[in-house]
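Reminder that position 24 of the sequence shown reads as 56 in the working numbering, one-by-one numbering, no gaps.
Some notes on the structure that comes next.
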Amino acid sequence: MAVRFLLFDLGHVLFDWEPAKLYRELIPDDTERDAFLRDVCNMEWHTNHDRGVSFADNAVHLIHEYPHYEREILAWGNRWFDMFHGYVDGTPELINRLQANGHPLYALSNVPGENWSGMLEKFGHLHKFEDIVVSGHEKCVKPERKIYEIALARMGDPDPGSVLFIDDRKTNTDAAAALGFEVHTFNTAQRLETDLIDRNLL
């Protein structure tokens with residue numbers, strides 16, 4: 033079945049999100065910062081934001097446990113936009129070319145809903161997508177089956193085999209492939225471009 037729809041992840045595919053960018057400023061010592069991002073504000077904790085828990089509510093138990101890091105914990109939400117470097121090199125150009133070729137573009141991202149309006153202001157390329165499934169709004173995250181089903185419904189329930197899902201995490205592309213999606217595990221825009229050309233999408 034030919035691919036008709038493109039479904040993009042956002043973090044590390046369209047935009048470059050790195051919490052350490054902010055925390056290099058807040059915690060200059062490398063060893064202390066690495067421990068903080070491993071043991072305090074880590075990705076397991078952050079997934080609660082992706083599920084729709086507010087930054088403030090998710091900070092409460094950490095501040096209770098690590099009161100000396102209150103400023104740094106609150107910064108995760110208060111300085112959210114300081115974690116972004118900008119766009120991933122090459123991806124915006126591929127999206128422009130795909131749009132010019134008339135391919136329907138959608139996005140599916142594990143991302144907090146709380147600052148979503150600000151994300152739409154900061155990253156103009158988000159407006160290239162016909163619809164974006166935001167995990168923080170849906171209260172579920174990849175690689176759970178439910179969020180892929182939501183994405184298909186938002187695209188008008190196409191056959192999953194007509195959708196190319198692009199994500200940087202293999203656990204997410206594996207889950208999509210198990211549901212019948214075509215998939216691309218992203219690491220560079222150059223490699224994605226080659227795949228899109230091979231599929232006659234560019």
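By construction, the Cβ of each residue, glycine as well, lies at the ideal position given by its N, Cα and C atoms.
- Pairwise C-beta distances place the region 78–93 out of contact with the region 52–59, as fewer than three of them are shorter than 8 Å.
- Between Arg231 and Val35 a beta carbon distance of about 6 Å is seen, short of the 8 Å cut, so the two are scored as contacting.
- In the DSSP assignment, His216 falls within the beta strand (DSSP E) that extends over 214–217.
- DSSP places Phe197 within a strand segment (E or B) once states are collapsed to three.
- Ile164 places its beta carbon 8 Å or farther from that of Leu39.
- The alpha-carbon of Asp189 is positioned some 21 Å away from that of Leu42.
- For the 8 Å CB-CB criterion, His44 and Val92 do not form a contact.
- Annotated as distal: Leu196 and Leu130, with beta-carbon spacing of 8 Å or more.
- Going by beta carbons, Tyr180 and Leu158 fall outside the 8 Å limit.
- Selection Ala207, Phe47, Ala139 evaluated against Arg186 yields Ala139 as nearest (Cα-Cα).
- Classified as exposed, Pro99 has fewer than 16 neighbouring CB atoms from the shown chains inside 10 Å of its CB.
- The C-beta separation of Asn90 from His81 comes to about 6 Å, placing the pair in contact by the 8 Å criterion.
- Residue range 51–58 is occupied by the alpha helix (DSSP H) that includes Ala52, with no beta strand (DSSP E) assigned at that position.
- Only buried fits Ile127, as 16 or more other CB atoms lie within 10 angstroms of its CB.
- 8 Å or more divides the Cβ of Gly109 from the Cβ of Val143.
- Residue pairing by DSSP puts Val165 in a beta bridge opposite Leu140.
- With contacts defined by Cβ atoms closer than 8 Å, Trp49 and Phe113 do not form a contacting pair.
- If the five residues before and after Gly193 are omitted, its C-beta is found closer than 7 Å to the C-beta atoms of Met33, Gly212, Glu214, all from its own chain and listed in chain order.
- Excluding its 5 nearest sequence neighbours in each direction, Thr203 has C-beta neighbours in its own chain below 6 Å: Pro175, listed in chain order.
- Note on geometry: alpha-carbon atoms of Glu162 and Arg201 lie some 23 Å from one another.
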